[in-house]
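In the numbering used here, the protein residues as written are 386 to 678. By construction, the Cβ of each residue, glycine as well, lies at the ideal position given by its N, Cα and C atoms. Structure first, commentary second.
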Amino acid sequence: MMTDEEIQARRQAVTEAREQALKARADAARLKAKLKAERIRSKAEAKAKHIIAKGEERAARLEGIAPAEVERKIRLDVHGRPKPAMRGWIHAVAAPLSLAAGIVLICLAQGTGLKWACAVFMVASLVLFTNSACYHLGDWSPRVTDVLRRIDHVNIFLLIAGTYTPVSFALQPFWRNFIIISMWACTAVAIIIHVIWINAPRWLYTLVYIVFGIYGLAFMALFWTSPYAGPAVVVLLCSGGACYILGAIVYALRRPDPWPKVFGFHEIFHCGTVAGYACHMVAIYMVIVALWV
């Protein structure tokens, strides 16, 4: 039988374990509440800074300050930080070029299915670059900014799925349909995450972005052996994916940030998307030409 001292010690241990569990649960609840409060506070601060910036603009106009100086003062990002001078201009230049390239691909493509696939690629790229340019160059209200931001976050997934839609025509119908369906299914999941949970941690956005970017690697062997694709197309697809991933890593780390007032880490991210798009556009062109035979 247990002695009174052993019984007392066991009761004490159970009591302490219960207290520790309750404390851990309370700490978790406090941490969750703190994180939620920080998100609310951050969003409120962003709205307040936007309102202040609008007021400064009106006051500056009344005082006769030059418009260029006013624009320099009020260009803030969603976090209230001054935007680099190049913010948005990279995608503003890429938008009309993507439209022209898309039209060329549609004209070169043979068959209704491939033409529609190229049209999907063109629309996805045009929407990405145009929305990004508007989002980063414009001075919008908090509500419009939030909508443009949500669209901006999901556009890259639309572009990746839109890229594999015409490229998959280099494969047999079974694999072509499998890749197209699976890519757009993954896109739907990514869109749900980004639209519903707009304030999700930056690392989660980056993780989803990277996983989606490398998903196509599972099919590279098929493209490598395809008579309508081959090693060159595989290299271009992988290079484009690498550009997307490297840009995402820079965006997540906010490094390097070479010239914060002119060309910062976000501009490197935008260059990565343009470079990735260019690689994939050339890959699609090569598939279209190979299908002529």
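7 Å or more divides the Cβ of G473 from the Cβ of H538.
If you ignore the 5 residues before and after V659, its C-beta comes within less than 7 Å of the C-beta of I475 and A479, all in its own chain and listed in chain order. Rounded to whole angstroms, the gap between the alpha carbons of A433 and G440 is 11 Å. Straight-line measurement puts the Cα of L622 at about 10 Å from the Cα of P616. By the C-beta criterion, the region 404-411 is judged not to be in contact with the region 505-515, since fewer than 3 inter-stretch pairs fall below 8 Å. Looking from the CA of F554, the closest CA among E442, I425 and M671 belongs to M671.
Three or more Cβ pairs closer than 8 Å define a contact, and the region 566-586 meets that threshold against the region 594-608.
Contact check for I673 against L543 fails: the beta carbons are separated by 7 Å or more. Straight across, the Cα-Cα distance linking I565 with F604 is about 12 Å. Look at P641 here: in three-state DSSP terms it is coil, with no helix or strand label. Judged by DSSP secondary structure, T548 falls within the alpha helix (DSSP H) whose first and last residues are P527 to V552. F654 is not a Cβ neighbour of G626, given a cutoff of 7 Å. About 4 Å separates the CB atoms of G661 and C628; that is less than 8 Å, so the two are in contact.
Assigned with DSSP and collapsed to three states, P616 falls in helix.
Per the DSSP secondary-structure output, F648 pairs in a beta bridge with W644.
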